[in-house]
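Numbering-wise (the numbering used here), the sequence shown opens with residue 187 and increments by one. Heads up: the structure comes next, in structure tokens.
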Amino acid sequence: MKVLVIGGGGREHALVWALRKSSSVTEIVAAPGNGGISALARCIPVDVNTLEAMVDLVSIEAPDLTIIGPEVPLALGVVDELERRGLRVFGPTKDAAQLESSKAFAKSFMQRHGIPSAEHALCLTLDQVRESLLNFSLPVVVKASGLAAGKGVVICNTRLEAEAAAAQMFSGVLLGATETEVVLEEFLTGEEISFFALCDGKHAVPIAAAQDHKRVGEGDTGPNTGGMGAYSTDGLLTPAMRQWITQNVAQKVVDGMASEGTPFKGILFIGLMMSPRGPMVLEFNTRWGDPETEAIVLRLESDILDLFNAAIDGRANGLAIRLKPGASATVIAASGGYPGKYASGLPISGLEGEDREGVIVFHAGTALKDGQLVTAGGRVLAVSAESDDLEEALNRIYRRLEEISFEGMQYRRDIGHRALQRR
Ligand code: AMP
Ligand code: GLY
């Protein structure tokens, strides 16, 4: 089977790596791919922000299956376009992807279906923001409704700050594009969990839980990023909690979407706050997480192609998704300056013999320039390992990171700190 993977980050490298292990996969094409993916798949440049470019590419390549990695192609409706042409594709339709692409949609959907989430107000004007703010205690969370690559959430300690954040969202100063809907949200406390479920339109089957580290700095300080590292362990959720989230969030989402005529097929990634009032949904994503996927695939014993096919064919129910017991982790090596401005095109050294001690270096923002690997993004590498023991996996990752370098390279040395402190 020939498989096309759309995307070119660490998540897509991890998906391609997992697909390579499937005996049914004969050829993998990645678009655009990256410097690391090119060792496992033929990479073809494509603009993932342009629907026509992606549809044309699929017509030319004629894969047996297309897998969509990032959120933007889903929000553009690439799945709808491919399905209309009778092509086989994994991921939600444009309407179903609104769970991620519109926080306004997601919040009212959760309200309609009794899914636990923070109190909120939807505002279309600055006057509405001012008025609604009086109903919230401080701090208060201000969110742009649309996709914002992690930059659309501001936690505000004063109402004035909240008003200013909303004003910047409406005017386009904050995100580079104007936002028409702003969501105010009650501030929640607790530990965050990323929960992944495979959905086939009718059923939600849990895959794994992971914990991301969103802030750039150690001790969870500094600005938010796409994620600086993640781990997945058996102990992250009790079996009872895993079941509770599956029934009361994931399955409710699938049932609700089906009842509204927009069945959800694909990966449902639930961002949860384990608050004193119980698990509350912070956000939905309609795709695999990055960097969570780089950790999770190392534990996945099931053939990943079987998961994709079961979801597409509506037979995920009863699918036993097998994970290796123990732990896995990934640590991001990022460009100096990230998540702000950073340089690109810097040579990367120390990547020879990539699987020492079983450590796998997934590439996020890398490119091959005249045969030399260079940096090509904010998050550059996702150095990943799996072990019976989380600390052991992390030690191997950090030893491997010592050998890798590029100018300005930064990484957090405290990935997994919450899990290690719990022991
Ligand atoms: P989101 O994109 O909605 O997941 O928000 C990004 C990050 O902002 C989350 O991972 C949380 O760390 C934080 N956040 C979002 N909503 C809330 C909330 N209601 N209370 C506290 N923190 C939040
Ligand atoms: N790790 C968070 C995300 O993929 O959005």
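Don't be surprised by glycine CBs; every beta carbon is placed ideally from N, CA and C.
Between SER570 and ALA513, the beta carbon gap of about 12 Å keeps them out of contact (Cβ cut-off 8 Å). Residue nearest to GLY457 within the set ARG316, LEU554, GLU378 and ARG586 is GLU378 (criterion: CA-CA distance). The three-state reading of DSSP puts THR407 in strand, counting E and B together. Per the CB criterion, closer than 5 Å to any heavy atom of the ligand GLY, the qualifying residues run in chain order as ASP398, GLY413, GLY475 and ASP476.
The three-state reading of DSSP puts PHE381 in strand, counting E and B together. Contact annotation: LEU237 and LEU262 have beta-carbon atoms nearer than 8 Å. Within the same chain, Cβ atoms closer than 7 Å to the Cβ of THR561 are found at SER521, SER530, GLY531, LEU532, ILE534, GLY551, THR552 and PHE592, the five residues on either side in sequence being excluded. A Cβ-Cβ contact shorter than 8 Å links PRO449 with ALA282. Close CB contacts of TRP474 within its chain, under the 6 Å cut and outside five residues either way in sequence, are with ARG197 and ILE453 (chain order). Going by DSSP, ALA553 is part of the beta strand (DSSP E) stretching over 552-555.
Fewer than three Cβ pairs drawn from the region 326-337 and the region 499-514 lie within less than 8 Å of each other, which leaves the two stretches out of contact.
Burial state of PRO425 is exposed, judged by a 10 Å Cβ sphere holding fewer than 16 other Cβ atoms. Not one heavy atom of the ligand AMP sits closer than 7 Å to the Cβ of LYS451. The three-state reading of DSSP puts LEU320 in coil, since its state is none of H, G, I, E or B. Taken through DSSP and simplified to helix, strand or coil, VAL402 comes out as strand. Exclusion of the five residues before and after LEU319 leaves ARG345 and ALA348 as the residues of its chain whose Cβ lies within less than 6 Å of its Cβ. Residue pairing from DSSP places VAL560 in a beta bridge opposite PRO533 and ALA553.
In the three-state reduction of the DSSP assignment, PRO278 falls in the coil class, being assigned neither a helical nor a strand state.
Setting aside the 5 residues that flank it on each side, GLU365 is surrounded in the same chain by ALA330, SER331, GLY332, MET355 and PHE356, each with a C-beta closer than 7 Å to its C-beta; the list follows chain order.
Taking C-beta atoms as the reference points, PHE548 and ALA568 count as a pair closer than 8 Å. Ranked by Cα distance from LEU361, the options LEU243, ASP386, LEU384 and ALA335 are led by ALA335. Residue pairing by DSSP places LEU458 opposite ILE379 and VAL467 in a beta bridge.
Straight-line measurement puts the Cα of LEU384 at about 14 Å from the Cα of ARG428.
Contiguous alpha helix (DSSP H) elements confined to the region 222-263 occur at 237-247 and 257-262, taking only those with 4 or more residues.
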